[in-house]
Amino acid sequence: MNKAVLGYCHLGYFRLGVYRDDWDKLAKKFSSFTSLNVTHRRLMLGSRDSTTGWYTKSYEETTIEMIIVSRAASHMPLPPGVYVRLDAVGLTADPVYEGDEIKTASDQYYQVETVREHYFGDSFFFRECDLTLLPFKNLSGGTYSASSVEDARYRTKVYLETYLSDTALPNYIVAYGKPDYPMTKVFKTKGVDLVFSIGEPESTPLMNPDYTPYGYEEHVPITTFCIDRDNIEGTKLKWQAETELRRVLEEHPLGSVRTLDRRRDNDTRLGSIILYSTEYILNYRRGTA
Amino acid sequence: MESEDGNVGSFTCEHDDYFKINITSSSGNKTYYIEDNIGYVSPSVYTTFLYRYKTSDTNIKAKIVAVFASGNQTILSETSSTTWVKGSATLDTDKGSLTRIRLYANQATGQVYYDFVLVCKGIFTFPNCGYGLEFTPPARYAMLEIPARVGDITQNLGSPSATVTIGCDLDVGDWKRSGDYVDGEVFLDIAHNSYTEPWQWLDTGTEQFKATLDTPVFRREADGNSARRILELTFREYRRSSASNESYVERFGLNL
Numbered sequence: 059m060n061k062a063v064l065g066y067c068h069l070g071y072f073r074l075g076v077y078r079d080d081w082d083k084l085a086k087k088f089s090s091f092t093s094l095n096v097t098h099r100r101l102m103l104g105s106r107d108s109t110t111g112w113y114t115k116s117y118e119e120t121t122i123e124m125i126i127v128s129r130a131a132s133h134m135p136l137p138p139g140v141y142v143r144l145d146a147v148g149l150t151a152d153p154v155y156e157g158d159e160i161k162t163a164s165d166q167y168y169q170v171e172t173v174r175e176h177y178f179g180d181s182f183f184f185r186e187c188d189l190t191l192l193p194f195k196n197l198s199g200g201t202y203s204a205s206s207v208e209d210a211r212y213r214t215k216v217y218l219e220t221y222l223s224d225t226a227l228p229n230y231i232v233a234y235g236k237p238d239y240p241m242t243k244v245f246k247t248k249g250v251d252l253v254f255s256i257g258e259p260e261s262t263p264l265m266n267p268d269y270t271p272y273g274y275e276e277h278v279p280i281t282t283f284c285i286d287r288d289n290i291e292g293t294k295l296k297w298q299a300e301t302e303l304r305r306v307l308e309e310h311p312l313g314s315v316r317t318l319d320r321r322r323d324n325d326t327r328l329g330s331i332i333l334y335s336t337e338y339i340l341n342y343r344r345g346t347a
Numbered sequence: 009m010e011s012e013d014g015n016v017g018s019f020t021c022e023h024d025d026y027f028k029i030n031i032t033s034s035s036g037n038k039t040y041y042i043e044d045n046i047g048y049v050s051p052s053v054y055t056t057f058l059y060r061y062k063t064s065d066t067n068i069k070a071k072i073v074a075v076f077a078s079g080n081q082t083i084l085s086e087t088s089s090t091t092w093v094k095g096s097a098t099l100d101t102d103k104g105s106l107t108r109i110r111l112y113a114n115q116a117t118g119q120v121y122y123d124f125v126l127v128c129k130g131i132f133t134f135p136n137c138g139y140g141l142e143f144t145p146p147a148r149y150a151m152l153e154i155p156a157r158v159g160d161i162t163q164n165l166g167s168p169s170a171t172v173t174i175g176c177d178l179d180v181g182d183w184k185r186s187g188d189y190v191d192g193e194v195f196l197d198i199a200h201n202s203y204t205e206p207w208q209w210l211d212t213g214t215e216q217f218k219a220t221l222d223t224p225v226f227r228r229e230a231d232g233n234s235a236r237r238i239l240e241l242t243f244r245e246y247r248r249s250s251a252s253n254e255s256y257v258e259r260f261g262l263n264l
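Protein sequences, first through last, are from chains A and B. Under our numbering, the first residue of the first sequence is numbered 59, with each subsequent residue one higher. Under our numbering, the first residue of the second sequence is numbered 9, with each subsequent residue one higher.
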């Protein structure tokens, strides 16, 4: 019964009566080699960065128990069905989410890439986390001032944020590429329905007769991302995003002269969910400044 | 009006084209200048001063001074060059209207030549020549056809005025001056006011000379999924006298 109460407090959703002590047995086996205590750095998303458009990251630290088996130690007896897929695998009974970080006692940092929950029948056993090593964590470098030449992604972001309609699309954001944290976190925790993601451009210089470039022709990929919600059909929202993008380009083609080149469907099925996505290529020509 | 203070000489207009100040004796303060009243020119509107000069040797010095309603500005300090030199300056705006210009010949005997002094609204730098630039200094060979002759008689009739054609990409870069309504408006200004402005100074990056703007053409092209705004300009060499008075290097400003 003590185990049951401990389990309830520890796991948050453990149901009394179905608790099994498999995790304790597993932890006990590994604790004879090493301490299982690690620092769990839970990813929290703050306000949006004014340049990239993505949410700034912060971490909330707690101590948890996790068995970390690196690829080099994969001869260790792991539970059935558990493999070291990436740099290491982490086994824990504590809540851990994709994008979180794990700091070991020896100051090694891992990022949690995926989390799979293992059950025996309807009773929870442990979480299996694929971990990638972060070799450059906490490295610092020189101080650089931002370039005075604007990033093609930033120019496009400002353009879209200026003209996209909040009425047509109430909960959207415009941001650079893909964030360095799971997109699902944005949909789940930030109340965002739609993301206009601006990728890295392809650039070709425009040349003067004296061999100096006077500008660049840039092909900027804009990808929309959305999901189904209780009251939103993702496929409809995706089309609404496209019509809004077309309207902006039809009504505001000037400045840097912009044209939409092509669209490519990019829907992705991720297990039980569909990430609705379309990639558009926006062409524009700009000066060198 | 001329003023002599130690330097004694005279000025003439050579080849109906440029000023020549000839100093025949030099003593005392060794200063000579000519000046002309140009009315009241606002340096806030006409902001830029361009000039081109050369000297017969390095002893005699050229110098240019702008005289305002309340004060002077030295545009070119005493200097010499035996080849043509072009320069520019921004006029002071805190001395009232520009009223006179003084051209000097100081320090020694000899000659100072002033090709032009030009007070203008500014220098417009082409943001690009994205659709190319052609400089054409043509020859004028007459081909005389003679009945029953096999082949023509050719006769060289001299070198006609050079032309420069430029294709500009109006979609890239800032083609508006402050207060302009449309891209490339400066060329409408030049074309419209060409009846009072005999020439513009054209610098292609390789050649420099006086030129008139012949044919500005604003083209708006559309082709399928692309559209372009192109400005095509044709400039023609301007001169009051035969270029035979100059070398080809001087004529086309190749060394400026």
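All C-beta atoms, glycine included, are put in the ideal place defined by N, C-alpha and C.
Cβ pair count under 8 Å reaching 3, the region 55 to 73 of chain B against the region 120 to 127 of chain B: yes
Backbone CA spacing between G292 (chain A) and S223 (chain A) [nearest angstrom]: 18 Å
Cβ of L262 (chain B) within 7 Å of any chain A Cβ: no
Three-way DSSP call (helix, strand, coil) for G292 (chain A) in this model: helix
Own chain partners of F88 (chain A) with C-beta closer than 7 Å, once the 5 adjacent residues on each side are dropped: L94 and I125
Under 9 Å from the C-beta of L264 (chain A): neighbouring residues of chain B: N136, G138, D177 and V180
8 Å CB neighbourhood of E302 (chain A) in its chain, flanking five on each side removed: L222, S223, A226 and L227
Reduced DSSP category for N341 (chain A) - H, G, I as helix; E, B as strand; rest coil: strand
Other residues of its chain near N253 (chain B): CB distance less than 6 Å, five sequence neighbours each side excluded: H23
At least three beta-carbon pairs within less than 8 Å, the region 269 to 289 of chain A to the region 243 to 257 of chain A: yes
Option nearest Y26 (chain B) by Cα separation, candidates B:Y256, B:V257, B:S249 and B:N263: B:S249
T336 (chain A) versus A:F183, A:R143 and A:L252, residue with shortest Cα-Cα distance: A:L252
Sheet register partners of I31 (chain B) (DSSP bridge): B:G17 and B:G118
Partners in chain B for D268 (chain A), counting only beta-carbon separations shorter than 7 Å: G213
Neighbour flag for G345 (chain A) against chain B, beta carbons, 7 Å: yes
Chain-order list of residues whose beta-carbon lies under 6 Å from that of D107 (chain A) (same chain, five-residue window excluded): T114
Neighbourhood of L84 (chain A) by C-beta, 6 Å cutoff - its chain only, sequence neighbours within 5 removed: none
Opposing strand residues paired with K94 (chain B) [DSSP bridges]: B:R60
Among A:T326, A:E309, A:L312 and A:R304, the one whose alpha carbon lies nearest that of D319 (chain A): A:R304
Cβ of L241 (chain B) within 7 Å of any chain A Cβ: no
Boundaries of the alpha helix (DSSP H) in which F195 (chain B) is found, first to last residue: E193 to H200
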